[in-house]
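Structure, as structure tokens:
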Amino acid sequence: MKIVVLAGGRSTERNVSISSGYRITNALRQKGQQATFIDLFLGYDLEGKTVDQVFDDANTSKDLKISDAILTDADINKLRTDGSTQLFGPNVLAICKAADIVFLALHGGDGENGKVQATLDLNNVKYTGSGPLASGMTMNKVFSKEIMLYHGIQTAAFKEFKRNQPGEHKVPFDFPVVVKPTSGGSSVGTHIAHNQEELESGIADVFRFDNSAIVEEFTPGREFSLGVVNGRAFSAIEIKVHSGWYDFKHKFQAGYTDFITPPKDLDEDVHQAMKDVSLQTMDVLGLQNYGRIDFFANDKGVWVIEANNLPGMTPLSLLPQEAEADGVEYGDLVMDIINGKLKLYADGMTEAGIMTAASAD
Ligand SMILES: Nc1ncnc2c1ncn2[C@@H]1O[C@H](COP(=O)(O)OP(=O)(O)O)[C@@H](O)[C@H]1O
Ligand SMILES: [Mg+2]
915 MKIVVLAGGR
925 STERNVSISS
935 GYRITNALRQ
945 KGQQATFIDL
955 FLGYDLEGKT
965 VDQVFDDANT
975 SKDLKISDAI
985 LTDADINKLR
995 TDGSTQLFGP
1005 NVLAICKAAD
1015 IVFLALHGGD
1025 GENGKVQATL
1035 DLNNVKYTGS
1045 GPLASGMTMN
1055 KVFSKEIMLY
1065 HGIQTAAFKE
1075 FKRNQPGEHK
1085 VPFDFPVVVK
1095 PTSGGSSVGT
1105 HIAHNQEELE
1115 SGIADVFRFD
1125 NSAIVEEFTP
1135 GREFSLGVVN
1145 GRAFSAIEIK
1155 VHSGWYDFKH
1165 KFQAGYTDFI
1175 TPPKDLDEDV
1185 HQAMKDVSLQ
1195 TMDVLGLQNY
1205 GRIDFFANDK
1215 GVWVIEANNL
1225 PGMTPLSLLP
1235 QEAEADGVEY
1245 GDLVMDIING
1255 KLKLYADGMT
1265 EAGIMTAASA
1275 D
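Set out below in structure tokens:
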């Protein structure tokens, strides 16, 4: 198959995405696929090649070390030398149209929030993961938590604050609280606040990245994450940080966190509850093909932290580790995701498929 691995883009998680994309590209090539890595934002200089010849290019071959730098839109815009800022770089859409499917290795912001998915749908380009509507809902922690609560899925109490709302930010629960960008990821801009002063500075920091901040009641307990691929919930992975909490550094630099899968000393009922709630959360949010649900478990049961519609696929990422523990090696995981989504297209079961069927009446 001709496969574009679309990565990079313009979000605070750009560097994470590039690392995921390199690993996916290498794995697909090892599986004999014609895979090419394309940076969504920087595009591809054809230099006289046809779009089909791009798939013969073997220009990527190693796993990147992830930079600690948190890139702003302005930093990323500077990477393109012609001064233009539209998200799709030169030739990206033309190359995607020549592919059998696009593997979305994008994370965060535009890339994960459904806009790229909508653009690809409108151009009849097939891609992995969920459709635009489910992606948009899932990327927004306020909307997704409201849907979860509506369906009786336990998740921490929260309050949203929008930028430019005047006055002090009062929350209806006790400190400590967790402050996050409503549409963020990879713990970028996330803070634990122990008092009003820390809450105010946390919210101010969030507004560097997002127009909306979500403040949540702190959930104590053991942290887990659980990947779902084609309706199968993998074994949970426990996340044990050596100190502090699971921030950007713990997520992407080796040696600060223990990842244990399958988890040890976990009641089988609790593990099963997490698997069941993962599938239910995917379902109520309309997520398809694959995703990952983050959890806390404590004496009051299992609590969903958030759902991820394009979970990380870097060497340290959780879903690949869980799959491997359950006997699915990385290359097979990537192929399962592709084949699972192709089946949804064949069955007319994607968001795009549903809309096509409805409009045909
Ligand atoms: N309500 C909460 N209580 C305690 N810790 C939390 C809470 N929400 C998030 N965290 C911590 O912050 C991390 C990042 O939060 P999460 O909602 O998963 O955002 P992101 O999209 O950045 O991954 C979590 O993995 C968890 O360690
Ligand atoms: Mg998370």
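Taking the working numbering, the leading residue of the sequence shown gets 915, the next gets one more, and so forth. Think of the CB as a built atom: it goes at the ideal place given N, C-alpha and C, for glycine as much as any other residue. As the structure is a computational prediction, the values presented were derived from the model and not from experiment.
Checklist entry - To which residues of the same chain is GLU1131 closer than 6 Å at the C-beta, ignoring the five residues directly before and after it? => result By one-based count along the sequence shown, residue 1131 stands at place 217. For GLU1131, where only same-chain residues beyond five positions count, the Cβ hits under 6 Å are ALA1070, ALA1071 and PHE1087.
Item to check | Status (buried if at least 16 other CB within 10 Å, exposed otherwise) for ALA1272 | outcome: Numbered from its first residue, the sequence shown carries residue 1272 at position 358. Here ALA1272 scores only 46 on pLDDT, less than 50, and its place in the model is too uncertain to base an answer on.
Next on the checklist: Less than 8 Å between CB atoms is the rule here; does HIS1164 satisfy it with respect to chain D?
Outcome noted: Checking the listed chains, one finds no chain D in this structure; it contains a single protein chain.
Next on the checklist: Judging by CA-CA distance, which residue of ILE938, LEU954, PHE955 and GLY957 is the nearest neighbour of GLN948?
Outcome noted: In the sequence shown, counting from the first residue as 1, residue 948 sits at position 34. Of ILE938, LEU954, PHE955 and GLY957, the residue nearest in Cα terms is ILE938.
Checklist entry - Is the distance from the Cβ of ALA1147 to the Cβ of LYS1178 below 8 Å? => result As a first step, residue 1147 is located in the sequence shown; it is residue number 233 there, counting from the start. As a first step, residue 1178 is located in the sequence shown; it is residue number 264 there, counting from the start. It is not a contact, given that the beta carbons lie outside the stated cut-off.
Checklist entry - Grouping DSSP H, G and I as helix and E and B as strand, with all else coil, what is ASP1124? => result What you label residue 1124 is simply residue 210 of the sequence shown in a count that begins at 1. Coil at ASP1124, not helix or strand.
Checklist entry - Anyone know if the C-beta pair for LEU956 and LEU993 falls short of 8 Å? => result Working through the sequence shown from its first residue, we reach residue 956 at position 42. Working through the sequence shown from its first residue, we reach residue 993 at position 79. Yes; because the gap between Cβ atoms is below 8 Å, this pair is in contact.
Next on the checklist: Run through the DSSP bridge pairs and tell me what ASP1183 is partnered with.
Outcome noted: As a first step, residue 1183 must be located in the sequence shown, where it is residue number 269. According to DSSP, ASP1183 bridges with nothing at all.
Next on the checklist: Considering Cα atoms alone, identify which of PHE951, VAL918 and ALA1032 is closest to ALA1013.
Outcome noted: Numbered from 1 along the sequence shown, position 99 holds the residue referred to as residue 1013. Looking at the Cα atoms, VAL918 is the closest of the given residues.
Checklist entry - How about ILE1219: is its Cβ closer than 7 Å to a heavy atom in ligand 2? => result On the sequence shown, position 305 is the one that residue 1219 refers to. If you check the C-beta of ILE1219 against ligand 2, you find a heavy atom less than 7 Å away.
Checklist entry - For ILE1251, which option in THR1042, ALA1187, GLY1226 and PHE1162 has the closest C-alpha, if you only look at C-alpha atoms? => result By 1-based counting over the sequence shown, the position of residue 1251 is 337. Of the candidates THR1042, ALA1187, GLY1226 and PHE1162, the one whose C-alpha sits nearest the C-alpha of ILE1251 is THR1042.
Next on the checklist: Measuring only from the beta carbon, is VAL1092 closer than 7 Å to any heavy atom that is part of ligand 1?
Outcome noted: Residue numbering aside, residue 1092 sits at position 178 when the sequence shown is read from its first letter. Answer for VAL1092: yes, Cβ within range of ligand 1.
Checklist entry - Going by alpha carbons, who is nearest to ASP1246 out of ASN940, ASP987 and LEU1036? => result Indexing the sequence shown from 1 puts residue 1246 at position 332. The option with the nearest alpha carbon to ASP1246 is ASN940.
Next on the checklist: Between the alpha carbons of LEU920 and GLY1028, how many angstroms are there, rounded?
Outcome noted: On the sequence shown, residue 920 is found 6 positions in, with the first residue counted as 1. On the sequence shown, residue 1028 is found 114 positions in, with the first residue counted as 1. When rounded, the distance between both Cα atoms is 14 Å.
Checklist entry - In chain order, which beta strand (DSSP E) runs of at least 3 residues are fully inside the segment 1003-1068? => result 1015-1018
Checklist entry - Just reading off the beta strand (DSSP E) that SER998 is part of, what are its end residues? => result Working through the sequence shown from its first residue, we reach residue 998 at position 84. Note, SER998: premise wrong, no beta strand (DSSP E); not H, not E.
Item to check | As assigned by DSSP and simplified to three states, the class of VAL1085 | outcome: The sequence position of residue 1085 within the sequence shown is 171, counting from 1. Three-state result, VAL1085: coil.
Checklist entry - Within 7 Å: the Cβ of ASN1223 and any heavy atom of ligand 2? => result Translated into positions along the sequence shown, residue 1223 becomes position 309. No - ligand 2 has no heavy atom lying nearer than 7 Å to the Cβ of ASN1223.
Next on the checklist: Using a Cβ distance threshold of 8 Å, determine whether the segment 1199-1207 contacts the segment 1139-1157, with at least three qualifying pairs required.
Outcome noted: yes
Item to check | Those runs of the beta strand (DSSP E) which lie wholly inside the segment 925-984 and span at least 3 residues | outcome: 948-953
Checklist entry - Going by alpha carbons, who is nearest to PRO1095 out of LYS1073, GLY1158, GLN1110 and VAL1039? => result What you label residue 1095 is simply residue 181 of the sequence shown in a count that begins at 1. Of the listed residues, the one whose Cα sits closest to PRO1095 is LYS1073.
Next on the checklist: With H, G and I counted as helix, E and B as strand and the rest as coil, what does DSSP make of ASN861?
Outcome noted: Since the displayed the chain opens at 915 and closes at 1275, residue 861 lies outside it and no answer follows.
Next on the checklist: For ligand 2, is there any heavy atom lying closer than 7 Å to the beta carbon of ASP1161?
Outcome noted: To locate residue 1161, count along the sequence shown from 1; it is residue 247. Outside the cutoff, so no.
Item to check | Same chain only: Cβ atoms within 7 Å of ALA1032, ignoring 5 sequence neighbours per side | outcome: Looking up residue 1032 in the sequence shown gives position 118. Answer for ALA1032: PRO1046, listed in chain order.
Item to check | Coarse secondary structure for PRO1234, derived from DSSP in three states | outcome: On the sequence shown, residue 1234 is found 320 positions in, with the first residue counted as 1. Helix, per DSSP.
Item to check | Alpha-carbon spacing of ASP996 relative to ALA1221, whole angstroms | outcome: Translated into the one-based positions of the sequence shown, residue 996 becomes position 82. Translated into the one-based positions of the sequence shown, residue 1221 becomes position 307. Distance between the alpha carbons of ASP996 and ALA1221: 37 Å.
Next on the checklist: Along the chain, where does the alpha helix (DSSP H) containing ALA988 start, and where does it finish?
Outcome noted: Translated into positions along the sequence shown, residue 988 becomes position 74. Looking at the DSSP string, the run of the alpha helix (DSSP H) that includes ALA988 is 987-991.
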